[in-house]
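Chains Z and A are the protein sequences, given in the same order.
0 is the number of the first residue of the first sequence in numbering that gives the first Met the number 0; add one for each residue after it.
0 is the number of the first residue of the second sequence in numbering that gives the first Met the number 0; add one for each residue after it.
Input: a single structure, listed below in structure tokens.
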Amino acid sequence: MRQSSWRMRWIPAIAFALIAVVQADVLPDDRSDVLYHHFEGGGITVQGPSVLIRKKVGDAVSFSYQYYLDMISSASIDVVSQASPYKEHRTQQNVGVDFLHNNTLYSAGYISSIEPDYNSKTAFLNISQSLFGDLTTINFGYTQGSDAVGRVDKGVVQPFRADADRKNYAVGLSQVLTRNMLLGLNFEVDSSAGYLHSPYRSVRYVDPTVLRGYSYQPERYPDTRTSNAASLQLKYYLPLHSALDGSYRFFGDTWGIRASTYQVGYTQSLWNHWTLDGSVRYYTQTHADFYSDLFPYANAQNFLARDRELAQFHSRTFEVGASYEFHPGWPHFIEKGSLNLDVERMFIDYEDFRDVLDTQYKAGQEPLYTLEATVGQFFISFWY
Amino acid sequence: MPALRPMRHRLRLRLAAAALVGGVLLAGCQVQPWVKPYEREHLADPIMSFDRNPISSSYLEHVFEVREGSRGASGSVGGGCGCN
Chain Z
0 MRQSSWRMRW IPAIAFALIA VVQADVLPDD RSDVLYHHFE GGGITVQGPS
50 VLIRKKVGDA VSFSYQYYLD MISSASIDVV SQASPYKEHR TQQNVGVDFL
100 HNNTLYSAGY ISSIEPDYNS KTAFLNISQS LFGDLTTINF GYTQGSDAVG
150 RVDKGVVQPF RADADRKNYA VGLSQVLTRN MLLGLNFEVD SSAGYLHSPY
200 RSVRYVDPTV LRGYSYQPER YPDTRTSNAA SLQLKYYLPL HSALDGSYRF
250 FGDTWGIRAS TYQVGYTQSL WNHWTLDGSV RYYTQTHADF YSDLFPYANA
300 QNFLARDREL AQFHSRTFEV GASYEFHPGW PHFIEKGSLN LDVERMFIDY
350 EDFRDVLDTQ YKAGQEPLYT LEATVGQFFI SFWY
Chain A
0 MPALRPMRHR LRLRLAAAAL VGGVLLAGCQ VQPWVKPYER EHLADPIMSF
50 DRNPISSSYL EHVFEVREGS RGASGSVGGG CGCN
């Protein structure tokens with residue numbers, strides 16, 4: 000603990016030294032977006048609106064506000080097998096400010112997420128600096144969050160309360176490699192502590208005393224989790240006004256999960272007004288050390304999980320999108336607008352999470368669960 | 000004698016950090032941009048942005064985070080909502 004504390008003192012010193020290499024950075028564009036999102040798959044439907052507004056005040060300050068609503072209707076495999084379908088709303092609001100001072104861009108913000116059984120408050124600070132003739136941009140970010148976990152039973156809020164805290168440290172670099180190629184590097188360390196599991200979710204264990212062959216008990220997670228994630232992204236400008244991008248991300252944490260994300264995308268501009276996007280994403284992860292689809296007996300180990308989010312699985316996601324840019328002419332303060340549609344098809348194949356709803360099989364021999372989902376977004380953007 | 004080893008280790012690390020800081024400061028003065036401003040037309044094109052539509056990318060990041068055990072290193076500012 001003593002050794003790591005004095006090392007941490009040098010990180011901000013190095014950060015500010017890098018910032019002292021004076022180069023220009025710029026505020027984000029003034030724009031507003033109104034989006035409708037829709038997710039459907041695995042018995043879950045989540046949809047709702049989102050609005051993002053960003054506006055500069057003077058030459059040095061920019062404010063942003065985002066509102067986001069999830070209207071959730073859930074009859075997922077976990078809900079149906081252990082409880083009953085439910086509906087709820089989650090509301091999220093973000094406020095942020097960007098401040099350009101002495102060629103350094105400071106960003107700060109606050110995020111509030113509220114749902115009947117989970118409230119989250121997050122604050123973040125980010126510092127960004129361009130270097131070497133604006134060919135390099137480096138940024139440092141810090142995020143701190145505090146979550147309050149509750150429980151709702153048949154629409155009634157229960158007298159249950161637990162807390163969890165989060166800290167996140169991020170470093171990023173954007174580098175111009177050639178006149179046609181950009182490189183992005185990102186690294187994050189995330190640390191969570193407190194109540195990190197769900198008060199609703201259970202694990203199953205072999206129980207020969209019941210007809211179906213297994214019984215349930217509440218899950219138990221460690222009360223700490225630390226993770227590292229690193230990513231690399233390349234973007235290359237191609238002839239005929241198009242671009243190719245590829246990225247890779249690695250993730251590892253103290254729960255034993257190791258994950259890799261591979262993504263390739265292509266963007267094509269057409270006829271001055273249209274932009275088409277397509278991408279393919281492949282994701283793979285190993286299960287958490289304390290995860291099992293079926294434990295051999297009750298309390299088989301100190302920590303127990305059967306959350307499919309922590310299972311071993313791989314997924315493929317295919318995305319297509321189209322954007323049409325227009326110049327409305329009225330009102331006069333709007334410079335341009337765009338209409339955007341984006342659709343994704345997601346296929347998740349679990350390798351150690353079984354479909355317990357298929358009751359014709361013995362416990363532990365049910366077919367592996369698969370999930371197909373469609374994600375849609377339609378949004379309109381204005382620049383002013 | 001053993002007490003000197005942590006001191007020497009700290010001193011070496013401080014010297015290394017100072018060298019890194021000094022090197023960056025000097026480098027910022029001496030490195031000439033290898034892509035001149037008049038050669039950056041393609042790089043300035045919106046299709047070359049890593050995050051052309053933040054409202055869309057933040058939503059998709061949330062979709063994946065809720066269903067996967069991993070998160071982070073996406074390059075977005077802010078650490079996510081922490082929602083379940």
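Where a beta carbon is used, it is the ideal one built from N, C-alpha and C, also for glycine.
| Asked | Found |
| --- | --- |
| Buried versus exposed call for Z/F159 [16 or more other C-beta atoms within 10 Å across all chains shown] | exposed |
| Entirely enclosed beta strand (DSSP E) segments - the segment 47-124 of chain Z, minimum 3 residues | 60-73, 85-100, 103-114 |
| Interface flag, Z/G132 vs chain A, CB-CB below 8 Å | yes |
| Which residues DSSP lists as bridging Z/Q143, in chain order | Z/A122, Z/K166 |
| Beta-carbon neighbours of Z/E39, restricted to chain A and to distances below 9 Å | Residues of chain A passing the Cβ test: none, with the nearest at roughly 12 Å. |
| Contact the segment 369-377 of chain Z vs the segment 35-50 of chain Z: 3+ CB pairs below 8 Å | yes |
| Exposed unless 16 or more other CB atoms sit within 10 angstroms - verdict on Z/K234 | buried |
| Listed by chain order, chain Z residues near A/A43 by CB distance under 8 Å | Going along chain Z, no residue has its Cβ under 8 Å from A/A43, so there is no contact; the nearest lies around 10 Å. |
| Start-to-end residues for the beta strand (DSSP E) that takes in Z/V263 | 257-269 |
| Cβ contact check for the segment 176-196 of chain Z and the segment 230-247 of chain Z: 3 or more pairs under 8 Å | yes |
| Straight-line gap, Z/A304 to A/I46 (C-alpha atoms, nearest Å) | 42 Å |
| is_contact[Z/V25, chain A] using C-beta, thresh 8 Å | no |
| Pairwise C-alpha distance: Z/L26 and Z/P238 | 29 Å |
| Members of the segment 244-270 of chain Z near chain A, C-beta cut-off 7 Å | R248, F250, I256, A258, T266, S268 |
| Same chain only: Cβ atoms within 6 Å of Z/P217, ignoring 5 sequence neighbours per side | S201 |
| Pick from Z/Q300, Z/T260, Z/D276, Z/G336 that is closest to Z/W29, judged by C-alpha positions | Reading the sequence as shown, one finds Asp at residue 29 of chain Z and not Trp. Among Z/Q300, Z/T260, Z/D276, Z/G336, the Cα nearest to that of Z/D29 is on Z/G336. |
| Beta-carbon separation (whole angstroms), Z/R280 vs Z/T316, contact threshold 8 Å | 4 Å |
| is_contact[Z/G171, chain A] using C-beta, thresh 8 Å | yes |
| Opening and closing residue of the alpha helix (DSSP H) in which Z/V279 lies | Run containing Z/V279: none in the alpha helix (DSSP H); it sits in the beta strand (DSSP E), 273-284. |
| Members of the segment 202-230 of chain Z near chain B, C-beta cut-off 9 Å | Checking the listed chains, one finds no chain B in this structure; the protein chains it contains are Z and A. |
| Contacts around A/D50, its chain only, beta-carbon distance under 6 Å, and the 5 residues preceding and following it disregarded | S56 |
| For A/E64, the three-state DSSP class (helix, strand or coil) | helix |
| Straight-line Cα distance separating Z/S119 from Z/L404 | Nothing about residue 404 of chain Z can be reported from this structure: the residues present for chain Z run from 0 to 383 only. |
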